[in-house]
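Enquirer: Position one of the sequence shown corresponds to residue 552 (the numbering used here), numbered consecutively onward. No residue lacks a Cβ here, since even glycine has one placed at the ideal position from N, Cα and C. Computed from a predicted model, the values in this text were never measured in an experiment.
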Amino acid sequence: MRNTRTLIHSGRLWAAATGSAVLERVSLNIGSVLLVTAAATVAWVIAVGLTPGHAPFFAPIAALVSLNSSGGERGVNAIRLLLGVVVGIPVGEVMGTVFGDGHLSLAAAAFIAMTVAVAIGAERMVIAQAAAGAILTVVIANGEYGLWRLTDALIGAGVALVTSQLLFPVRLVALLRRTEAAALAEMSRMLTLTEHMLEREQPLTREMINRLGELSQPMAELSSARESSQLAMRTSTIRWGDLRPILHEDEKIDRLILLAESCLSLARTTTSMSLDERRELAPAVRAMASALDVLAGDLSDRAARQYAVDQATEAARPFSDRVSADDPLTAATHLAVQLVAIDIMLFAGIEAEDAEEILRDESGEAEVTHPTAVPWLPWTAWRPRFPRGEGARPRRPRWRRGRG
Numbered sequence: 552m553r554n555t556r557t558l559i560h561s562g563r564l565w566a567a568a569t570g571s572a573v574l575e576r577v578s579l580n581i582g583s584v585l586l587v588t589a590a591a592t593v594a595w596v597i598a599v600g601l602t603p604g605h606a607p608f609f610a611p612i613a614a615l616v617s618l619n620s621s622g623g624e625r626g627v628n629a630i631r632l633l634l635g636v637v638v639g640i641p642v643g644e645v646m647g648t649v650f651g652d653g654h655l656s657l658a659a660a661a662f663i664a665m666t667v668a669v670a671i672g673a674e675r676m677v678i679a680q681a682a683a684g685a686i687l688t689v690v691i692a693n694g695e696y697g698l699w700r701l702t703d704a705l706i707g708a709g710v711a712l713v714t715s716q717l718l719f720p721v722r723l724v725a726l727l728r729r730t731e732a733a734a735l736a737e738m739s740r741m742l743t744l745t746e747h748m749l750e751r752e753q754p755l756t757r758e759m760i761n762r763l764g765e766l767s768q769p770m771a772e773l774s775s776a777r778e779s780s781q782l783a784m785r786t787s788t789i790r791w792g793d794l795r796p797i798l799h800e801d802e803k804i805d806r807l808i809l810l811a812e813s814c815l816s817l818a819r820t821t822t823s824m825s826l827d828e829r830r831e832l833a834p835a836v837r838a839m840a841s842a843l844d845v846l847a848g849d850l851s852d853r854a855a856r857q858y859a860v861d862q863a864t865e866a867a868r869p870f871s872d873r874v875s876a877d878d879p880l881t882a883a884t885h886l887a888v889q890l891v892a893i894d895i896m897l898f899a900g901i902e903a904e905d906a907e908e909i910l911r912d913e914s915g916e917a918e919v920t921h922p923t924a925v926p927w928l929p930w931t932a933w934r935p936r937f938p939r940g941e942g943a944r945p946r947r948p949r950w951r952r953g954r955g
C-alpha cells in the first residue's frame with residue numbers, strides 16, 4: 552500500500568513538472584505560432600486574389616518557412632527561400648517536361664537543383680529549398696506553368712518580409728535577455744544543488760556532475776543568440792534605429808559567460824572543502840543562488856538587479872580578506888566566492904572600477920542604474936515605461952519559500 556501511494560505521489564509530481572514545462576514552452580512560443588499562422592493565411596488570400604484560377608500553395612508555404620526561424624534571421628530566411636525557389640522551380644519545370652512526372656523526373660530535379668545551389672555557393676537552407684521547389688513542381692504540377700508558382704513564392708516571401716521587418720520586427724534586446732535569463736536560471740539551479748550538498752555534507756554526486764555539464768547548453772545558446780543579433784543588425788531594418796542597446800546587451804553576454812565560469816569554479820571548489828568549511832560556505836552559496844534566481848526573474852527590473860547585487864555583496868564580504876590563506880584550495884574557494892559576487896555586480900550594471908572597492912568597503916553601497924529600455928520598433932525613439940513604487944521589492948526565489 553505504501554509503495555502504491557509512493558508511486559501515485561511520484562506520478563503526480565512528474566505530471567505536474569511535465570505539465571508546467573509544456574505550458575512554459577507553449578507560452579514562450581505561442582506568439583510566434585500565431586504570427587506565422589496569420590502570415591501564411593494572408594499570403595494565401597493575397598495569392599488567390601492576384602493569381603486566380605490555380606491553387607497557390609507555394610505562397611503560404613513560403614511565408615511559413617521564411618518566418619519559422621529565430622527572430623533575428625527571419626528576413627534573411629525569406630531571401631534564402633526566394634533564392635532556392637528561383638533555382639528549384641525552373642529545374643523542376645525542365646525535368647518535368649523532359650521525363651514526365653515519374654520517379655526519374657523527381658530524382659533528376661532534386662539532384663540538379665541541389666547541384667546548382669551548391670555550385671553557386673549557397674547555404675544549406677537554399678540548397679534544401681531548391682530541392683523542395685523542384686520536387687513540388689514535379690509532383691504537384693497540375694499542368695500549371697512554373698511562373699505561377701514562382702509568383703506564389705514571391706508573394707509568400709513578400710508577406711514574410713513585411714511582417715518581420717515592418718509590422719513585427721524582432722526586439723533583439725528582449726530576445727537576448729530571455730536567453731540570458733535561461734542561463735542565469737541554470738546557474739542558480741547548479742548553485743542550489745551545491746548548497747544542498749554542502750549542508751548535507753555529501754560528496755560530489757553524479758547529479759552534481761550532470762548539473763555542471765548542463766551549464767554548457769545555455770552558454771552555447773548565448774553564443775548563438777549573439778551571432779543571430781549581429782546578423783540581424785547587418786541584414787534587417789534594425790540597422791535603421793539605435794543600435795546602442797543591442798551592443799550594450801552583447802557586452803552583457805560576455806560578462807555572463809565569465810559569471811558562468813566563476814559559478815563553476817565555486818561549485819567545484821566548495822564541494823572539495825572540509826566539513827567545517829562547507830558549513831561556513833553554504834550560506835554564501837545560498838545567497839549567490841538566490842541573487843541569480845532573482846536576476847533571472849526579471850532582467851528589465853532595476854529592483855531585481857539591486858537586490859541581486861546587495862545579496863551577492865553581503866555574502867562575499869566576509870571572504871574578502873581571506874584570499875591569502877595558507878591552503879591553496881581554501882584560497883581558491885574564497886576567491887571564487889568573490890569572483891561570483893563581482894561578476895554579478897558587473898552584469899547588473901556596476902562599473903568595473905567600483906566593484907572590488909564596494910566588496911572591500913564594509914560601509915560601501917552599490918547603486919544599480921536602470922536597465923536600458925527597449926523601443927517597440929527599432930526605428931522609433933519611444934520606449935515603454937512601466938513604473939514601480941520606490942519601495943517595490945523583486946520577487947523572492949520560489950525554491951526559498953519554505954526557508955523562513
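1. Quick one: is T592 buried, meaning 16 or more other Cβ sit within 10 Å of its Cβ, or exposed?
2. Would L890 pass as a contact of L735 if the rule is Cβ separation under 9 Å?
3. Given this structure, state the Cα-to-Cα distance separating S859 from I581, to the nearest angstrom.
4. As an exercise, report each continuous alpha helix (DSSP H) stretch of at least 4 residues that is fully enclosed by the stretch 821 to 874, in chain order.
5. DSSP state of A682, grouped into three classes?
6. I need the straight-line Cα distance from A629 to S767, nearest angstrom please.
7. As a quick exercise: from S780, L718, H654, pick the residue whose alpha carbon is nearest that of P796.
8. Pop quiz: S739 and V689 are said to be a contact at Cβ under 8 Å. What is the actual Cβ separation, rounded to whole angstroms?
9. Cα separation between A685 and L809?
10. With 16 as the cutoff for other CB atoms within 10 Å, does V885 come out buried or exposed?
11. Give the straight-line distance between the Cα atoms of A679 and M665, rounded to the nearest whole angstrom.
12. Let's test the definition: count the other Cβ atoms within 10 Å of the Cβ of L727 and tell me whether it reaches 16, buried, or not, exposed.
13. With DSSP run on the structure shown, which of helix, strand or coil describes T555?
14. On the criterion of 16 or more Cβ atoms from any shown chain inside 10 Å, does T820 qualify as buried, or is it exposed?
15. I895 lies in the alpha helix (DSSP H); which residues open and close that run?
16. Report the three-state DSSP secondary structure of E918 (helix, strand or coil).
17. So which of A906, F898, A917, A903 has the shortest CA-CA distance to T923?
18. If L807 sits next to E731, beta carbons under 8 Å apart, how far is it from one beta carbon to the other, in whole angstroms?
19. Consult DSSP for E902 and reduce its assignment to one of helix, strand or coil.
20. In this structure, does DSSP put G672 in helix, strand or coil?
21. Could you round the C-beta distance between T856 and G900 to whole angstroms and report it? I think they count as a contact, below 8 Å.
22. In this structure, does DSSP put A661 in helix, strand or coil?
23. How many angstroms separate the CA atom of V616 from the CA atom of L632?
24. Would you decide whether P945 is buried or exposed? Buried here means 16 or more other CB atoms lie within 10 Å of its CB.
25. R911 and S871 look like a contact to me (Cβ under 8 Å); what is the Cβ gap, rounded to whole Å?
26. Give me the Cα-Cα distance between I909 and A572, rounded to the nearest whole angstrom.
27. Helix or strand or just coil, what does DSSP make of V721?
28. Between which two residues does the alpha helix (DSSP H) holding A629 run?
29. Identify the continuous alpha helix (DSSP H) that holds S620 and give its terminal residues.
30. Any idea if D652 is buried or exposed, counting beta-carbon neighbours within 10 angstroms, 16 or more meaning buried?
31. Which of the three DSSP states is assigned to L766 in this structure?
32. How close, in whole Å, do the beta carbons of T743 and A866 come, if the pair is a contact with beta carbons under 8 Å?
33. Report the CB separation of L677 from V642 in whole angstroms; it is logged as a contact under 8 Å.
34. Is A700 near L687, with beta carbons less than 9 Å apart?
35. Take the Cβ of D878 as the centre, count every other Cβ of all protein chains shown within 10 Å, and call the residue buried at 16 or more, exposed below.
Expert: Here's the rundown:
1. Result: exposed.
2. No; because the gap between Cβ atoms is not below 9 Å, this pair is not in contact.
3. Checking the sequence, you will find Ala at residue 859 rather than Ser. One C-alpha to the other measures close to 31 Å.
4. For the stretch 821 to 874, whole alpha helix (DSSP H) runs of length 4 or above, ordered along the chain, are 826 to 848, 853 to 867.
5. Assignment of A682 by DSSP, reduced to helix, strand and coil, places it in the helix class.
6. C-alpha separation (whole angstroms): 31 Å.
7. Checking every option, the nearest Cα to that of P796 belongs to S780.
8. Contact doesn't hold; Cβ gap of about 53 Å is too wide.
9. Taking the straight line joining both Cα atoms gives about 47 Å.
10. The sequence given here places His at residue 885; Val does not occur at that position. Buried.
11. Roughly 7 Å separates the two Cα atoms.
12. Within 10 angstroms of the beta-carbon of L727 lie 16 or more other beta-carbons, which makes it buried.
13. Correct three-state label for T555: helix.
14. T820 is buried by the Cβ-count criterion.
15. Boundaries of the alpha helix (DSSP H) harbouring I895: 879 to 899, taken from the DSSP string.
16. Residue state, collapsed to three classes: coil.
17. Minimum Cα distance to T923 is reached at F898.
18. Taking 8 Å as the upper bound for CB-CB distance, L807 and E731 are in contact here, some 6 Å apart.
19. It is coil, neither helix nor strand.
20. G672 falls in the coil class under three-state DSSP.
21. Reading the sequence as shown, one finds Arg at residue 856 and not Thr. The pair is a contact, with the Cβ atoms about 6 Å apart (cut-off 8 Å).
22. In this structure, A661 counts as helix in the three-state DSSP scheme.
23. The alpha-carbon atoms of V616 and L632 are separated by roughly 8 Å.
24. At P945 the pLDDT is 44, less than 50, meaning the model places this residue with poor confidence; the figure from the coordinates comes in the next sentence. Per the 10 Å Cβ criterion, buried.
25. Right, their Cβ atoms sit about 6 Å apart.
26. Here the alpha carbons of A572 and I909 stand approximately 39 Å from one another.
27. Three-state result, V721: coil.
28. If you look at A629, you'll find it in the alpha helix (DSSP H) that goes 625 to 650.
29. From DSSP, S620 is part of no alpha helix (DSSP H); its letter is neither H nor E.
30. Exposed, since its Cβ has fewer than 16 Cβ neighbours within 10 Å.
31. DSSP places L766 outside both helix and strand once states are collapsed to three, so it counts as coil.
32. Not confirmed; about 14 Å, so no contact.
33. In the sequence under discussion, the amino acid at residue 677 is Val, which differs from the Leu named in the question. Actually they do not touch by this definition, with Cβ atoms about 13 Å apart.
34. It should be noted that the sequence gives Arg, not Ala, for residue 700. Yes, the Cβ-Cβ distance between R700 and L687 is below 9 Å.
35. When all chains shown are included, D878 counts as exposed.
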